[in-house]
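Chemist: Take a look at this one; I'll ask things after.
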Amino acid sequence: MLVASWNINSVRARTERLLGWLEARRPDVVCLQELKCTDEQFPSEPVRALGYHPVLFGQKTYNGVAILARVEPERIERGFLDGEDDEQARVVSATVAGVRVTSVYAPNGQAVDSPAYHQKLAWYGRFRRWLDLRHRKDDLLVVCGDFNVAPEERDVWDPKLWEGQTLFSLPERAALRHAVEFGLEDTFRRLHPEPGRYSWWDYRMLGFQKNRGLRLDHVYATAPLTALLRAAGVDREARKGVQPSDHAPAWARFGLPGEPEAHEDRFE
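Residue numbers (the working numbering): 33 to 300.
Here it is in structure tokens:
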């Protein structure tokens with residue numbers, strides 16, 4: 033199973049890029065974030081024409097998450113279902129071929145110590161409680177998306193410059209770490225210990241061209257699924273060209289029982 037996660041940064045502005053990427057890469061499951069559209073505005077028909085079943089949790093203008101799967105998804109859930117959900121569309125889950133898949137778009141936090149920043153930390157608390165209440169460590173579970181946190185210094189192009197800033201502040205990193213300590217592992221880091229590999233680059237100041245980026249997009253998996261991990265990476269090619277998203281897709285490939293072994297990775 034090839035799983036990818038991509039903050040598309042407005043699907044209506046990048047529909048053709050999405051469709052071309054789906055056709056070229058052919059992932060089995062795609063988690064999208066920052067749709068910036070309602071369910072009705074999502075390009076469901078052309079996505080279905082490419083063989084994908086869309087699961088949508090859209091929101092007008094802001095946020096929005098989706099799961100696109102080649103196998104029809106089951107047990108669809110939107111939000112944390114904890115009685116505290118607001119109107120922000122940030123979490124959607126479904127079961128695909130026996131694997132529980134969740135697409136996550138964590139709050140940005142704006143500026144350290146701002147109200148939005150404290151709301152971000154609170155959101156991460158809800159995220160951990162959701163994991164504890166609705167999942168088990170031995171589930172086949174993959175949680176992926178734009179977490180808006182670079183976990184470690186090797187995930188930031190200039191840690192000294194970013195020290196104490198939103199996306200890399202110590203409280204944010206601790207909040208993410210506490211959440212994944214539920215029993216999730218960073219699939220990329222399991223296979224790639226090296227620095228200098230990012231998934232987000234600012235549009236300004238030639239950030240992508242100079243590789244001044246942060247690794248904010250992650251594919252996390254529980255131990256039973258991580259044991260089946262075969263490859264992982266970031267699709268930098270999707271960040272190139274005209275009017276790209278500022279994010280590139282993160283991906284991981286798992287060798288599920290009964291699946292034919294892939295002879296090559298579609299992302300490399």
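Yeah, the Cβ is synthetic: ideal placement off N, Cα and C, and Gly gets one too. If you're wondering where the values come from, they're calculated on a predicted model, not measured in any experiment.
Going by C-alpha distance, which of Asp-170, Arg-122 and Pro-59 is nearest Asn-180?
Modeler: Within the sequence shown, the letter at position 148 stands for residue 180. Closest option to Asn-180, Cα to Cα, is Arg-122.
Chemist: List the endpoints of the continuous alpha helix (DSSP H) containing Gln-151.
Modeler: Counted from its first residue, the sequence shown places residue 151 at position 119. Note, Gln-151: alpha helix (DSSP H), 147-166.
Chemist: Between the segment 197-209 and the segment 264-277, do at least 3 Cβ pairs fall closer than 8 Å?
Modeler: By the Cβ rule, the segment 197-209 does not count as touching the segment 264-277, because fewer than three pairs are nearer than 8 Å.
Chemist: Once the 5 residues before and after Phe-240 are set aside, which same chain residues still bring their CB inside 7 Å of it?
Modeler: For this step, residue 240 is matched to residue 208 along the sequence shown. Contacts found: Trp-233 and Arg-271.
Chemist: If you follow the beta strand (DSSP E) that Ser-135 is part of, which residue opens it and which one closes it?
Modeler: Counting from one through the sequence shown, the residue named residue 135 turns up at place 103. Run containing Ser-135: 131-137, per the beta strand (DSSP E) assignment.
Chemist: State buried or exposed for Lys-66, treating a residue as buried only when at least 16 other CB atoms are found within 10 Å of its CB.
Modeler: Here residue 66 refers to the residue found at position 34 of the sequence shown. Strictly speaking, residue 66 in this sequence is Glu, with Lys absent from that position. Under this definition Glu-66 is a buried residue.
Chemist: Who are the Cβ neighbours of Arg-247 in its own chain at under 7 Å, not counting the five residues just before and after it?
Modeler: As a first step, residue 247 must be located in the sequence shown, where it is residue number 215. Result list for Arg-247: Ala-182, Asp-187, Arg-229, Tyr-230 and Ser-231, in chain order.
Chemist: Suppose you measure from the CA of His-295 to the CA of Phe-286; what does that come to, to the nearest Å?
Modeler: As a position in the sequence shown, residue 295 is number 263, starting the count at 1. As a position in the sequence shown, residue 286 is number 254, starting the count at 1. Confidence is the limiting factor: at His-295 the pLDDT is only 48, short of 50, which leaves the residue's position unreliable, though a coordinate-based value still follows. Going by the C-alpha atoms only, they are around 13 Å apart.
Chemist: One question on the structure: do Asp-178 and Asn-39 come within less than 8 Å of each other, judged by their Cβ atoms?
Modeler: The count along the sequence shown starts at 1 and reaches residue 178 at position 146. The count along the sequence shown starts at 1 and reaches residue 39 at position 7. Yes, Cβ-Cβ distance for Asp-178 and Asn-39 is below 8 Å.
Chemist: The alpha helix (DSSP H) that contains Phe-179, what's its start and end?
Modeler: Taking the sequence shown and counting its residues from 1, one reaches residue 179 at position 147. Unbroken run through Phe-179: none, as it is neither H nor E.
Chemist: Expressed to the nearest angstrom, what Euclidean distance is found between the alpha-carbon atoms of Leu-257 and Thr-134?
Modeler: The residue you call residue 257 lines up with position 225 of the sequence shown. The residue you call residue 134 lines up with position 102 of the sequence shown. If you take the alpha carbons of Leu-257 and Thr-134, they lie about 14 Å apart.
Chemist: Can you tell me which of the three DSSP states Glu-204 falls into?
Modeler: The count along the sequence shown starts at 1 and reaches residue 204 at position 172. In this structure, Glu-204 counts as helix in the three-state DSSP scheme.
Chemist: Note down the Cα distance separating Ala-129 from Pro-105, rounded to an integer number of angstroms.
Modeler: In the sequence shown, the residue the question calls residue 129 occupies position 97. In the sequence shown, the residue the question calls residue 105 occupies position 73. When rounded, the distance between both Cα atoms is 8 Å.
Chemist: Quick one: give me the first and last residue of the alpha helix (DSSP H) that Gly-52 is part of.
Modeler: Position 20 of the sequence shown, counting from 1, holds the residue named residue 52. Run containing Gly-52: 47-57, per the alpha helix (DSSP H) assignment.
Chemist: Taking only three categories from DSSP, how would you classify Asp-187?
Modeler: Within the sequence shown, residue 187 is the residue found at index 155, counting from 1. Asp-187 falls in the helix class under three-state DSSP.
Chemist: So, at 6 Å on beta carbons, what are the nonlocal neighbours of Trp-194 in its own chain, with the 5 sequence-adjacent residues on each side left out?
Modeler: The sequence position of residue 194 within the sequence shown is 162, counting from 1. Here the set comprises Val-188 and Phe-200.
Chemist: On the premise that Cys-176 lies in contact with Cys-69, defined as a C-beta separation below 8 Å, what is that separation, rounded to the nearest angstrom?
Modeler: Translated into positions along the sequence shown, residue 69 becomes position 37. Translated into positions along the sequence shown, residue 176 becomes position 144. The pair is not a contact, with the Cβ atoms about 20 Å apart (cut-off 8 Å).
Chemist: Excluding five sequence neighbours on each side, which residues of the same chain lie with their C-beta closer than 8 Å to the C-beta of Arg-222?
Modeler: Your numbering for residue 222 matches position 190 in the sequence shown. For Arg-222, where only same-chain residues beyond five positions count, the Cβ hits under 8 Å are Thr-258, Leu-261 and Ala-264.
Chemist: So, do the segment 38-52 and the segment 78-98 have three or more beta carbon pairs nearer to each other than 8 Å?
Modeler: Touching, yes.
Chemist: What does a CB cutoff of less than 6 Å around Lys-152 pick up in its chain, not counting 5 residues either side in sequence?
Modeler: For the purposes of this step, residue 152 is taken as the residue at position 120 of the sequence shown. So the qualifying residues of the chain are Pro-139 and Gly-141.
Chemist: Cα separation between Asp-71 and Asp-114?
Modeler: Position 39 of the sequence shown, counting from 1, holds the residue named residue 71. Position 82 of the sequence shown, counting from 1, holds the residue named residue 114. Within the model, the alpha-carbon separation for Asp-71 versus Asp-114 is close to 22 Å.
Chemist: I need the straight-line Cα distance from Asp-218 to Glu-185, nearest angstrom please.
Modeler: On the sequence shown, position 186 is the one that residue 218 refers to. On the sequence shown, position 153 is the one that residue 185 refers to. Cα to Cα, the separation comes out at about 15 Å.
Chemist: If you run the structure through DSSP and keep just helix, strand and coil, what is Glu-77?
Modeler: The count along the sequence shown starts at 1 and reaches residue 77 at position 45. In the structure shown, Glu-77 sits in a helix (DSSP, three-state: H, G or I).
Chemist: Between which two residues does the beta strand (DSSP E) carrying Thr-254 extend?
Modeler: Taking the sequence shown and counting its residues from 1, one reaches residue 254 at position 222. Secondary structure note for Thr-254: its beta strand (DSSP E) is the uninterrupted segment 249-254.
Chemist: What three-state label does DSSP hand Thr-127 in the structure shown?
Modeler: Against the sequence shown, residue 127 aligns to sequence position 95. Note: Thr-127 maps to strand in three-state DSSP.
Chemist: Measure the alpha-carbon distance for Arg-209 versus Gly-215 and round it to whole angstroms.
Modeler: Against the sequence shown, residue 209 aligns to sequence position 177. Against the sequence shown, residue 215 aligns to sequence position 183. Cα to Cα, the separation comes out at about 10 Å.
Chemist: If you follow the beta strand (DSSP E) that Leu-261 is in, where does it begin and where does it stop?
Modeler: Counting from 1 along the sequence shown, the entry for residue 261 is found at position 229. Run containing Leu-261: 261-266, per the beta strand (DSSP E) assignment.
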